[in-house]
Structure formats: structure tokens, C-alpha cells
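A quick write-up on the structure given underneath.
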Amino acid sequence: MPATDKPRLQVDNLQAWYDESHVLHGMTLNVGDGEIVTLIGRNGAGKTTTMRAIMGVLRKRQGTIRYKDQDIVALAPHKVPRLGIGYVPEERGIFASLNVIENLTLPPVTQPGGMSLNEIFALFPNLQGRNRTIGTRLSGGEQQMLAIARVLRSGADFILLDEPTEGLAPVIVDQIAVSLQILKQRGLTILLVEQNLQFASAIADRHYVVEQGEVVDEVQNHALAANMGKLNAYLGV
Amino acid sequence: MSLQSVSKSQTSQPVSVRAIFLVALVVISLVAPFFVYPLFLTKMLCFILFASAVNIVLGYSGLLTLGHAAFFGGAAYIAAHAMKVWGTPFEVAILLAVAFSSALGLLFGFLAIRRQGIYFAMVTLALAQMIYFLAIQMPFTGGEDGITAVPRGMLFGVIDLHDTLTMYYVVLVLVAFGMLVIWRAINSPFGHVLAAIKENEARVTSLGIQPNRYKLIAFVLSAALSGLAGALKAIAFQVASLADVTWHMSGEVVLMTLLGGLSTLIGPGIGAAVVIALEHYLSTSGLPIMFMIGLIFMVCVMLFRRGIYGELREWYRRSRSARDHS
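So the sequence lines, in the order shown, correspond to chains L and H.
Using our numbering, the first residue of the first sequence is number 2, and each one after it goes up by one.
Using our numbering, the first residue of the second sequence is number 64, and each one after it goes up by one.
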């Protein structure tokens with residue numbers, strides 16, 4: 002991250018609640034331009050909740066969330082994506098009543114610089130020729146690709162990616178890793194939730210360790226091997 | 064068989080079936096008035112459009128409305144008043160009525176759309192009851208008598224609509240236009256957003272879409288077409304009455320939509336045709352109409368939940384996929 006610039010996303014002392022239960026206890030993290038940053042941690046640590054709070058899908062929250070130096074906590078939830086923030090939820094969010102091309106073209110283009118359909122099919126060849134297939138008839142990996150492609154088309158240049166590799170075959174995981182590396186080269190910024198450390202280490206710059214709703218540690222990707230023992234202690238059961 | 068060829072056969076085959084079906088529908092609707100009483104068919108057409116319009120909200124947006132009689136009956140009063148008292152031409156009366164129901168739809172929609180499920184239904188019902196109250200109280204509606212002896216007027220000043228057969232064909236063209244509008248809306252990006260909202264509203268919001276705006280547009284479109292149906296019925300039957308603004312009417316059109324098949328283009332029309340035909344033929348049989356329709360509705364709900372058309376389509380799809388696999 003260049004020292005002069007403010008980070009793209011700055012989350013400071015973020016608290017969030019599901020009804021009465023307090024889930025985030027002061028998350029603090031930042032993501033710089035063009036960085037890929039992961040949130041790792043056990044199930045229930047608050048990684049997905051952090052993403053939902055950033056997107057405003059989860060409304061009950063306190064603290065600061067600044068994107069491009071603009072406070073986005075007060076924004077209506079449909080306005081957050083219009084800043085160019087794309088959210089790919091864990092369950093991928095493909096619509097069963099729409100086919101592939103309809104799913105792909107559903108979100109409004111929010112920023113110039115969105116990928117064309119040709120660019121998308123070049124990035125995810127599996128989606129090519131499947132336009133008329135119902136979205137949820139695709140395999141899990143293809144649905145994941147479609148979900149990512151959908152936000153890329155809308156022009157998002159900051160993507161929140163929640164466990165993109167969950168439940169996918171290793172060969173598909175490799176394909177997605179390659180695609181994300183290409184996206185990184187194109188200058189996209191990504192905040193990634195991931196349990197698969199091997200996948201995360203292949204693409205990320207930094208890792209935040211999340212535990213019980215707050216960041217408890219930060220590890221640079223190049224220092225990952227040296228910190229493996231510590232990380233396994235965090236993640237181990 | 065590869066996936067590719069499955070998807071190809073799925074897309075190409077229904078197109079030809081659909082084309083045959085469409086041609087048959089056009090031919091039947093053109094020759095029908097020579098075999099069946101045209102005014103009865105005109106009524107059927109009006110309700111086909113009404114039920115299909117309600118389906119935009121009920122089927123495609125997943126919102127239970129119990130207030131659509133306000134648009135249907137309200138537009139009927141406006142059209143009848145415009146024709147009888149103001150003496151406007153037919154087409155102006157229709158336009159005024161549709162403008163009224165659209166504006167009313169915008170108001171109702173604006174107030175109701177932020178609520179969901181049963182609360183939405185209750186708000187639409189309450190608002191429609193206010194229109195019913197106004198219809199009783201306001202002098203121009205004629206209270207219990209309604210507006211009667213409405214002249215049908217001349218279409219574009221040349222075609223005399225007092226000929227029942229001519230009236231039928233004019234209504235046919237306008238209802239066909241209304242159906243075309245619905246078909247176009249549902250198969251557009253707008254329709255895709257509606258489908259997505261119905262499936263998962265939060266997910267749509269997180270893609271940067273404001274669901275309420277789309278629901279409101281759908282509601283106004285539905286109100287406008289309901290108004291068109293009501294205005295046509297009032298002019299064709301030369302009467303606008305309280306019956307068209309009661310909550311019974313709102314309920315009956317929901318029943319028609321459910322009976323024919325929710326979220327299908329032609330299902331609600333079939334449901335409307337069935338109900339209107341039953342009412343027509345049972346009224347001379349001496350059997351209790353409401354009881355019979357209630358019974359038929361119960362049988363339908365128990366035997367085919369997707370509605371008449373929904374069930375037929377499902378059966379057709381299943382039989383074809385069975386053939387494809389053999």
C-alpha cells in the first residue's frame with residue numbers, strides 16, 4: 002500500500018448485532034488499492050458478518066466504515082454496490098428463476114470499466130455457451146464463476162468474496178485462483194473470506210486473523226510459512 | 064445426450080408449439096362471437112385482462128393484493144362518467160380512466176409497497192375500501208344505482224360501438240394490446256429483476272438494485288391495465304356500479320389468477336374465462352353460484368396447486384422430458 006494514499010477500505014471499531022446477539026466486537030481492518038486481503042478464522046468468528054456489515058445488508062452496526070474516504074455506514078444498502086463494491090456471498094446468490102445471461106446482466110452497471118461479456122467468457126471459459134442454462138443448474142464451481150462474473154460486469158473494482166472455494170473440487174479451486182490472479186493484475190481490490198489457507202496464500206497479500214468478532218492478528222503473505230504454527234493454533238479445533 | 068443438445072431442443076420445440084397455440088387463439092377469438100353471445104365474450108375478455116394484470120403483482124412480484132377492485136371499479140366510474148356526462152369520445156374516456164387508475168396505483172403502491180406479506184394485503188384492502196366508501200358517498204357515482212345508460216360512443220368518431228359485435232372486436236384488440244404489454248414487461252430486464260426480487264430481495268439489493276422501485280412500477284402497471292379492463296367493461300355493458308369496487312371483486316380476481324395458474328402468462332386468463340363461464344352458465348341453472356365456484360376452487364387447490372394452466376404445462380414438460388430420455 003503506498004504510504005501517501007489512504008486505504009481503499011477502512012473499517013474501524015466495527016460492532017454489529019444479529020438481533021440481540023452481539024457478533025462483531027470492534028473489527029478494525031483496512032484494504033489498500035489493488036490489494037488482496039483475506040479474513041481467516043474459525044466458523045462463527047464473524048468473517049461473513051463483517052462483509053454483510055460492510056455491504057449494509059446487516060443494518061444493526063456501529064463504528065466507521067470508510068470507502069474511498071467516504072463514510073458508508075449511513076448509505077442505503079442498494080447504494081453501497083453503486084460505489085463499485087461487488088459482493089459475492091457465500092451461497093453465491095444465483096437466481097434460480099433466471100438463466101445464465103439473465104443472471105449476468107441483472108445488476109446495473111455502476112461504474113465505467115465493467116467487463117464486457119467477451120472478457121468475462123475469456124476469464125471464465127466454462128460459462129461460454131451456457132447462456133440459456135438456468136443459473137442454478139450450473140455446477141457449484143460454475144455458479145461461483147457466474148457470481149464473480151456478475152459483479153465484474155457491473156464495473157465493481159472492489160470485491161468482497163466470501164469463501165469462493167467452499168465445497169469445490171481442487172481442479173476448480175485452481176481455476177478460480179488463476180482467475181483471481183488475473184483480476185489482481187488488472188488492479189482489482191479484493192477482500193476475501195477463506196478457510197483454505199493454501200488457496201489464500203496463492204493470491205493474497207495479507208491475512209487478518211479473526212476471532213470472536215475482532216481482528217486478533219495480521220500476517221503478511223510472505224511471512225505465512227514462518228507463522229504457520231501460530232496460524233494453525235488459531236484455526237485448529 | 065449432451066447438455067448442449069438438451070437446451071437446444073428445450074428452446075426450439077416450445078416455440079413451434081407456441082406458434083400453433085397463438086394462431087389457434089387468434090382464430091378462436093375472431094370467430095367465437097359468431098357462435099357465442101358476443102357481450103358474454105366481451106365480459107370474459109375484460110376479466111382475462113384484469114386477472115392477467117393482477118398477476119403482475121400477485122404472480123410475478125409475489126405480492127398479495129386485495130385492493131385491485133379500486134382500480135377496476137374506479138376506472139369504470141371515470142370512463143362511464145366521461146362518456147355520459149362529459150360526452151368525451153370513447154378513446155378519450157379510456158385514456159382518462161387508465162390515467163386515473165395509474166395515478167391511484169401510484170398512490171396505493173407508494174403507501175403499500177414498504178410493507179410485506181399479509182401487511183401489504185391489508186394495506187391494499189384498506190385503501191380499496193376507502194375508494195368503495197367514496198363510491199357510495201360521492202354524488203357523481205350514483206350511489207347504489209351506479210352510472211347507467213352509458214353511451215358507447217364512436218371509436219375515432221367513425222366506428223359505431225353500439226353494435227355489440229364491433230364492441231367485441233374493439234375490446235379484443237385492446238385486451239390483446241394489454242396482454243402484449245404484460246408479455247413484453249415480463250420478458251424484459253425489468254421482468255427479470257421482478258423475478259429476482261420475488262426469489263430473494265436482500266440478494267437483489269446487494270447487487271445495487273432498489274427493489275421497492277421495481278415493485279412500485281409493477282404495481283402501477285398492474286393498476287393501469289386493471290383500469291383499462293374496468294373501463295372497457297363499463298363501456299361495453301354501459302354501466303358502472305358498486306359491484307366493481309367491492310372487496311368481493313378484489314377477492315374474485317385473485318381467485319381467478321390462482322385458479323388459472325400464478326406466474327404464467329396465460330394462466331390467469333384461463334382462470335378468468337373459467338370463472339366467468341361458470342357464473343354465466345350456472346346463473347340460469349338454479350344452482351348456488353358462489354357455492355359451486357367455491358367448491359371448484361377447493362377441488363383445484365387440492366388437485367392441482369399450480370392452477371389449471373400451470374398443471375397442464377407441468378404435465379406437458381414432464382411428458383416431453385420422459386420422451387427425450389427414452
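The beta carbon of each residue, even a glycine, is placed where N, CA and C say it ideally should be.
Tell me the rounded alpha-carbon separation between residue i and residue j.
| i | j | result |
| --- | --- | --- |
| H:GLN67 | H:PHE113 | Residue placement at H:GLN67 cannot be trusted, given a pLDDT of 41 that sits under 50; the coordinates are not used to answer. |
| H:PRO331 | L:GLY42 | 51 angstroms |
| L:ALA234 | L:LEU193 | 21 angstroms |
| L:LEU198 | L:LYS61 | 30 angstroms |
| L:ASN1 | L:ASN222 | Look at the range of chain L in this structure, 2 to 238, and you will see that residue 1 of chain L is not part of it. |
| H:SER6 | L:VAL152 | Given a span of 64 to 389 for chain H in the structure shown, any question on residue 6 of chain H remains unanswerable. |
| L:GLY156 | L:LEU189 | 10 angstroms |
| H:TYR284 | H:LEU159 | Contrary to the premise, residue 284 of chain H reads as Leu rather than Tyr in this sequence. C-alpha separation (whole angstroms): 15 angstroms. |
| H:TRP246 | H:ALA281 | 13 angstroms |
| H:MET193 | L:GLU103 | 40 angstroms |
| L:ARG207 | L:ALA54 | 21 angstroms |
| H:SER251 | H:GLY122 | 16 angstroms |
| H:SER65 | L:SER180 | Because the pLDDT of H:SER65 is 39, which lies under 50, any placement of that residue in the model is unreliable, and the number read from its coordinates should be weighed accordingly. H:SER65 and L:SER180: Cα-Cα distance of roughly 27 angstroms. |
| H:MET146 | L:TYR19 | 58 angstroms |
| H:GLY314 | L:ILE37 | 55 angstroms |
Are the Cβ atoms of residue i and residue j separated by less than 8 angstroms?
| i | j | result |
| --- | --- | --- |
| L:VAL101 | L:LEU147 | yes |
| H:LEU321 | H:GLY370 | yes |
| L:TYR88 | L:LEU161 | yes |
| L:ALA178 | L:ILE204 | yes |
| L:HIS79 | H:THR227 | no |
| H:ASN275 | H:ILE181 | no |
| H:GLU111 | H:VAL238 | Looking at the sequence provided, one finds Ile at residue 111 of chain H rather than Glu. In contact: H:ILE111 and H:VAL238 (Cβ atoms closer than 8 angstroms). |
| H:PHE183 | H:LEU126 | yes |
| H:PHE153 | H:GLY216 | yes |
| L:ASP163 | L:MET52 | yes |
| H:LEU49 | H:LEU190 | Nothing about residue 49 of chain H can be read from this structure; chain H reaches only from 64 to 389. |
| L:HIS84 | L:ALA150 | Looking at the sequence shown, residue 84 of chain L is not His but Leu. No, the pair does not count as a contact, with Cβ atoms beyond the cut-off. |
| L:ASN31 | L:LEU59 | no |
| H:LEU341 | H:ILE359 | yes |
Answer with yes or no whether the minimum CB distance from residue i to chain H is below 8 angstroms.
| i | result |
| --- | --- |
| L:ALA203 | no |
| L:TYR209 | no |
| L:MET113 | Reading off the sequence shown, one finds Pro at residue 113 of chain L, where the question assumed Met. By this cut-off, L:PRO113 is not an interface position. |
| L:HIS79 | yes |
| L:THR65 | no |
| L:VAL58 | yes |
| L:THR51 | no |
| L:GLU103 | yes |
| L:PRO3 | Any reading at L:PRO3 must be qualified, since the residue scores a pLDDT of 48, below 50, and its modelled position is unreliable; no value is offered. |
| L:TYR68 | no |
| L:PRO126 | no |
Residue i CB to nearest chain L CB: under 8 angstroms?
| i | result |
| --- | --- |
| H:GLU262 | yes |
| H:THR74 | With a pLDDT of only 46 at H:THR74, under the threshold of 50, the placement of this residue in the model should not be trusted; the figure read from the coordinates follows. Yes - at least one Cβ of chain L is within 8 angstroms of the one on H:THR74. |
| H:LEU121 | no |
| H:PRO152 | no |
| H:SER68 | With a pLDDT of only 39 at H:SER68, under 50, the local geometry of the prediction cannot be trusted, and no value is derived from it. |
| H:PRO252 | yes |
| H:ARG266 | yes |
| H:GLY332 | no |
| H:SER269 | yes |
| H:ASP248 | The amino acid at residue 248 of chain H is misidentified as Asp; the sequence shows Ala. Answer no: the Cβ-Cβ gap between H:ALA248 and chain L never drops below 8 angstroms. |
| H:VAL80 | no |
| H:ALA258 | yes |
| H:TYR372 | no |
| H:ILE272 | yes |
| H:HIS255 | yes |
Going by other Cβ atoms of all chains shown within 10 Å of its Cβ, with 16 needed for buried, is residue i buried or exposed?
| i | result |
| --- | --- |
| L:PRO108 | buried |
| L:ASP1 | Any answer about residue 1 of chain L is impossible in this case: the structure gives chain L only from 2 up to 238. |
| H:ALA143 | buried |
| H:THR347 | exposed |
| L:VAL12 | buried |
| H:PHE171 | buried |
| H:TYR397 | This structure does not reach residue 397 of chain H, given that chain H is present from 64 up to 389, and the question cannot be answered. |
| H:MET365 | exposed |
| H:LYS106 | buried |
| H:GLU377 | exposed |
| H:MET242 | buried |
| L:ARG131 | buried |
| L:GLN145 | buried |
Beta carbon of residue i: closer than 7 angstroms to some heavy atom of the ligand ADP?
| i | result |
| --- | --- |
| H:ILE111 | With respect to the ligand ADP, the structure offers nothing, as it holds no ligand at all. |
(request) Spell out a yes or no on whether the stretch 251-265 of chain H and the stretch 128-136 of chain H are touching, meaning 3 or more CB-CB pairs, one atom from each, closer than 8 angstroms. (result) no
| said: So, does the stretch 81-95 of chain L touch the stretch 305-314 of chain H, judging by three or more C-beta pairs under 8 angstroms? | reply: no
Q. How do the stretch 197-211 of chain H and the stretch 281-294 of chain H stand: do at least 3 beta-carbon pairs fall below 8 angstroms, yes or no?
A. no
*asked:* Assess contact between the stretch 220-236 of chain H and the stretch 25-43 of chain L, defined as three or more Cβ pairs (one per stretch) separated by less than 8 angstroms. Is contact present?
replied: no
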